[in-house]
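Here's what the structure looks like:
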C-alpha cells in the first residue's frame with residue numbers, strides 16, 4: 068500500500084520520538100539500577116538480564132550492602148560482601164570481573180577486595196595468583212606477605228612481580244636514558260667524529276674554501292646557468308663524547324614502611340635502570356628501623372623487591388647515616404630520600420645530617436612519594452624543616468622522575484610538580 072507524504076512524515080516523527088525519548092529513559096533507569104545495586108530493584112523497576120546481571124552480581128559481591136558478613140560468613144553489622152572465604156569462589160569472581168570490566172577497573176576492584184574483605188591470605192595460594200590482574204599495588208601486597216609466603220607460592224609470586232616490573236621497565240627505561248645519558252659534551256670538539264656526532268654547522272663553515280661549482284647537466288637547456296655547488300668536507304668537526312667513567316654517584320634511600328609500597332616498586336625499577344648506565348654509579352638502600360644495602364642486586368629488580376620487607380617502623384636518621392658513610396665524592400653525589408618523613412628515630416640528628424651533606428656539596432632531594440597516586444600523607448613539620456635546609460620535599464610521578472634526576476645531576480632548580488606538596 069502506498070503512503071502519502073503526510074503519513075510518511077507522521078510515522079517518521081513517531082519513530083524519532085520513540086528513539087530519542089524511550090531508550091534514553093530506559094538506559095537511565097538501567098544505569099541507576101547498576102549504580103544503586105540490587106537493593107534498588109524495586110524502586111527503579113528494572114530487572115537486569117544477561118551480561119548486565121552478571122556484572123551486577125560481580126559488583127554486588129564486593130560492594131553489596133545488607134546485614135554484613137565477613138568472608139567467613141560471620142555477621143559484622145555493617146556493609147560487606149558475598150565473596151566467601153574459599154579460594155575457588157574468589158578465583159571465579161576474579162575471572163568474572165576480568166571478563167566484564169577493563170583492566171584499569173579490574174585493578175581497582177582487586178585492591179578494594181583485598182582492603183575491604185581481608186583477602187590477602189588467599190593471595191598465598193598459587194591458584195589465586197594465577198587469576199589476578201598484576202599491577203603495582205598487587206606487587207606491594209605480595210611483598211608485604213613475603214615472609215608468610217609458602218615455598219609453593221613464591222615462584223608464582225615472582226612471576227607476577229616480574230610481569231609488572233618488565234612492564235614498568237619498558238615504559239620508564241627509554242625516557243630515563245634519553246633524559247639522563249647526556250651522551251654529547253658540546254663544549255668539546257674532535258676532528259674524527261662519528262657520523263652522528265658531526266657538528267654540521269661548524270664543519271660547513273670550516274670547509275667553505277673547498278666550495279666547488281658543478282657543471283650544468285645540459286648546457287643547451289640551461290644557458291647562463293653556472294650549475295649547482297657543493298662543499299667538500301675535507302675536515303670534519305664533531306662533538307666530543309662524554310667519558311665513560313662514572314660522572315655522578317646516585318644514592319637512592321628508600322623508606323620501606325607499608326605506606327610506601329608503590330614508591331618502593333617504582334624506585335627499585337628506576338634503581339636498576341640507573342645502575343645500567345655507565346656514566347652513573349648507583350647505590351640502593353632500603354630501610355625501616357634497620358638498613359639494608361641492595362646495590363649488589365640491582366641487576367634484577369625482582370630480587371631487589373623480594374629483598375625488601377614492607378612494614379615496621381622508620382629510622383630515617385640511621386639510614387642517612389649509612390648513606391653518608393658511603394659518600395666519597397660529595398660534589399658529584401646526588402642523594403634521593405624517598406619517604407613520607409614519619410621519623411621514628413632522632414629528628415634533630417636527621418636534620419643535622421642532611422645539613423652536613425648539603426654543606427659538603429651533596430645534592431639532596433626528598434620525594435614524599437614516587438607513584439601515580441594522589442596527594443601523599445606525610446609529616447609536614449619535617450618536610451618544612453628540610454625545605455628550610457634547601458632540600459625541597461615534594462611528591463613525584465614516575466614520568467617526572469627522570470627530569471628531577473637530570474636537574475639534580477646538573478645542579479639546576481628542581482622541576483617541582485605541584486606547589487601543594489611544598490612545605
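Residue numbers (the working numbering): 68 to 490.
Note that CB positions come from ideal geometry on N, CA and C, so glycine has one too.
Please read all numbers here as calculations on a predicted model, not as lab measurements.
Would DSSP call residue 202 helix, strand or coil?
The answer is coil: DSSP assigns residue 202 none of H, G, I, E or B.
State the DSSP-derived secondary structure class of residue 173, mapped to helix, strand or coil.
helix
Item checked: Inter-residue spacing [alpha-carbon to alpha-carbon] between residue 397 and residue 427 -> 6 Å
_Range covered by the alpha helix (DSSP H) that runs through residue 442_ = Where residue 442 is concerned, there is no enclosing alpha helix (DSSP H), given that its DSSP letter is neither H nor E.
Once DSSP output is grouped into helix, strand and coil, what is the label at residue 368? helix
*Take residue 355 and list the residues in its own chain whose beta-carbon comes closer than 8 Å to its own, dropping the five residues that flank it on each side.*
322, 323, 324, 376, 378, 379, 380, 381, 382
Burial state of residue 118, where buried means 16 or more other Cβ atoms lie within 10 Å: exposed
Alpha carbon of residue 482 to alpha carbon of residue 469, nearest angstrom: Going by the C-alpha atoms only, they are around 10 Å apart.
(Q) Can you confirm whether the segment 206-214 touches the segment 434-454 when touching is taken to mean that 3 or more C-beta pairs between the two stretches lie within less than 8 Å? (A) Contact between the segment 434-454 and the segment 206-214 is absent, because fewer than three Cβ pairs lie under 8 Å.
Note to self: Rounded to whole angstroms, what is the Cα-Cα separation between residue 450 and residue 349?
What the structure shows: Computed Cα separation, rounded: 25 Å.
- [ ] For the alpha helix (DSSP H) containing residue 128, list its first residue and its last residue.
- [x] 117-130
Let's test the definition: count the other Cβ atoms within 10 Å of the Cβ of residue 164 and tell me whether it reaches 16, buried, or not, exposed. Result: buried.
- Task: Sort out for me which residues DSSP pairs residue 460 with in a bridge.
- Result: 433
Pick from 327, 387, 404: whose alpha carbon is nearest that of residue 443? The candidate whose alpha carbon is nearest that of residue 443 is 327.
Could you please give me the residues that DSSP links to residue 238 through a beta bridge? For residue 238, which the question treats as bridged, DSSP gives no partner whatsoever.
Q) Which partner residues of residue 321 appear in the DSSP bridge assignment? A) Bridge partners of residue 321: 353, 405.
Note to self: Measuring straight from C-alpha to C-alpha, what distance separates residue 342 and residue 278?
What the structure shows: 48 Å
Along the chain, where does the alpha helix (DSSP H) that runs through residue 338 open and close? 328-342
Practice item. Could you spell out the range, first to last residue, of the beta strand (DSSP E) harbouring residue 279? Key: 278-280
Contact check, residue 456 vs residue 421, beta carbons under 8 Å: Inclusion of residue 456 and residue 421 in the CB contact set at 8 Å is warranted, their separation being smaller than that value.
**Prompt:** Hey, residue 175 and residue 372: beta-carbon distance below 8 Å or not?
**Reply:** no
Sufficient close CB pairs (3 or more, under 8 Å) joining the segment 401-419 to the segment 460-476
yes
* Asked: How is residue 243 classed by DSSP in three states: helix, strand or coil?
  -> In the structure shown, residue 243 sits in a helix (DSSP, three-state: H, G or I).
(request) Give a yes or no on contact between the segment 176-184 and the segment 218-232, applying the rule of three or more CB pairs nearer than 8 Å. (result) no
Quiz item: How is residue 299 classed by DSSP in three states: helix, strand or coil?
Solution: Reduced to three states, the DSSP call for residue 299 is coil.
Checklist entry - Within this structure, are the beta carbons of residue 315 and residue 476 separated by less than 8 Å? => result The beta carbons of residue 315 and residue 476 sit closer together than 8 Å.
Spatial distance of residue 478 from residue 193 (CA atoms) = So the two alpha carbons sit approximately 48 Å from each other.
Could you compute how far the alpha carbon of residue 338 sits from the alpha carbon of residue 423? 25 Å
Inset, instruction - Could you have a look at residue 316 and say whether DSSP puts it in helix, strand or coil? - result: Shown here, residue 316 sits in a strand according to DSSP, grouped into three states.
Mark residue 169 as exposed unless 16 or more other C-beta atoms lie within 10 angstroms of its C-beta, in which case mark it buried.
exposed
From the DSSP output, in three-state form, read off residue 476 for me. helix
Return yes when the C-beta of residue 159 is under 7 Å from any heavy atom of the ligand FAD, and no when it is not.
-> Judged by which ligands are present, the structure shown has none, so any question about the ligand FAD falls away.
Apply the 10 Å Cβ neighbour rule to residue 282 and answer buried if 16 or more other Cβ atoms are within range, or exposed otherwise. exposed
Open item on the list: Let's test the definition: count the other Cβ atoms within 10 Å of the Cβ of residue 296 and tell me whether it reaches 16, buried, or not, exposed.
Closed with: exposed
Worksheet item: What's the C-alpha gap between residue 335 and residue 448?
Response: 27 Å
Proximity of residue 206 and residue 332 at Cβ, strictly below 8 Å = For residue 206 and residue 332, yes; Cβs fall inside 8 Å.
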